[in-house]
Amino acid sequence: MHDTPEADHIADRIRAIAGDAPVELGLVLGSGLSHLAEAVKGRTIPYADLPGFPQPSVSGHAPKLVVGSLFGARVALFGAREHYYEHGRPDAMRLPLETVRALGAERLLLTNAAGSMRADIPPGELMLVTDHINFSGLNPLIGEPTDARFVPMTDAYDPGMRQGLAAAARAEGIALNAGVYAWYSGPSFETPAEIQAIHTLGADAVGMSTVPEVILARFLGLKVAAISTITNMAAGLSDEAISHDHTKKMAPLGAEKLERLLARYLTQA
Ligand code: HPA
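Here you go:
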């Protein structure tokens, strides 16, 4: 599949700032995880300087791209994503992901904050996403005119990347739970009845992102994996009130483990 002229143009602009070496991995940071951007030794480019890039407006996300070395791997790190609930665009991350591919990346690692439906995966835990349920009915490829839109989604979460991440977690002594992530559009949180329904359907965690990016990544031929940091028990499953402030407050609990996991993964893979 050919890169789009827009993505090629932006990739040229990024290379002029951050250097020509091909990027190995794209990394998208979820709510409250943006401090990882500081660990990258490289150049920072605000999305505002990249024409056509989204201008995410969610607190706890930093809208900047950092290209450089993270634990020895050359990465393009997205400090923020645009969520569907911001402007109603399921394909909001298409250009950024096309750009990451134009920069040479073959792998994409997505992170997010999520609510858990599993008592054995409480807040502070990490969950490696094994599969997803698109509970929104939306799709970022609606309107794509080519037959490439018929993307197979079996093993969408790349088995090789999952094995690598699981091995890195074992080596670091980090418990890496595995489970199914359900995408709920947001921005309102789910009702307890919706959570019961999603859990009955087979989901272990719920969040407002990631799924459209996984579909886009597979469309673009990128290998993709996703890790959730569990920030709360989903609606109705605990007495704790659910809020965005609470998500931001809790995300750093998992962030320390996520950083160690990534350090090991990027060093070994
Ligand atoms: N629901 C949806 N998105 C979330 C949640 C949740 O409980 N926690 C963090 N992001």
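Under my numbering, think of the first position of the sequence shown as 10, with each following residue one higher. Glycine is no exception: its CB is placed at the ideal position from the N, C-alpha and C atoms. Since the model is a prediction, treat every value here as computed from it, not as a measurement.
(request) Please confirm if the segment 143 to 162 is in contact with the segment 260 to 271, defined as three or more CB-CB distances below 8 Å between the two stretches. (result) No, the segment 143 to 162 does not touch the segment 260 to 271.
(request) Give the range of the alpha helix (DSSP H) segment to which residue 111 is assigned. (result) Counting along the chain, the alpha helix (DSSP H) containing residue 111 begins and ends at 103 to 111.
(request) Quick one: residues in its chain with C-beta nearer than 6 Å to the C-beta of residue 75, no 5 flanking neighbours on either side, listed in chain order? (result) Excluding sequence neighbours, residue 75 sits near 46, 49, 51, 53 and 86.
(request) Spell out a yes or no on whether the segment 231 to 247 and the segment 107 to 127 are touching, meaning 3 or more CB-CB pairs, one atom from each, closer than 8 Å. (result) Taking a cut-off of 8 Å on C-beta distances, the segment 231 to 247 touches the segment 107 to 127, as three or more cross pairs fall below it.
(request) State whether the segment 180 to 200 contacts the segment 211 to 230, with contact taken as three or more CB pairs (one from each stretch) at a distance under 8 Å. (result) Output reads yes: the segment 211 to 230 touches the segment 180 to 200.
(message) Once DSSP output is grouped into helix, strand and coil, what is the label at residue 263?
(response) For residue 263, the secondary structure class from DSSP, reduced to helix, strand or coil, is helix.
(request) Would you tell me roughly how many angstroms separate the C-alpha atoms of residue 36 and residue 174, rounded to the nearest one? (result) Separation of residue 36 and residue 174 (C-alpha to C-alpha, rounded to the nearest whole angstrom) is 14 Å.
(request) Could you check the C-alpha separation between residue 108 and residue 22 for me, to the nearest Å? (result) Cα to Cα, the separation comes out at about 11 Å.
(request) Report the rounded CA-to-CA distance for residue 146 versus residue 125, giving the unit in angstroms. (result) Straight-line spacing of the CA atoms in residue 146 and residue 125 works out to 21 Å.
(message) I believe residue 40 touches residue 260 by the beta-carbon criterion, under 8 Å. Please report the beta-carbon distance rounded to the nearest angstrom.
(response) With a Cβ gap of about 6 Å, residue 40 and residue 260 count as contacting.
(request) Could you tell me which residues DSSP pairs with residue 78 in its beta bridges? (result) In DSSP, residue 78 forms a bridge with 50 and 83.
(request) Would you check whether the ligand SAM has a heavy atom nearer than 6 Å to the C-beta of residue 241? (result) This structure does not include the ligand SAM; its bound ligands are the ligand HPA.
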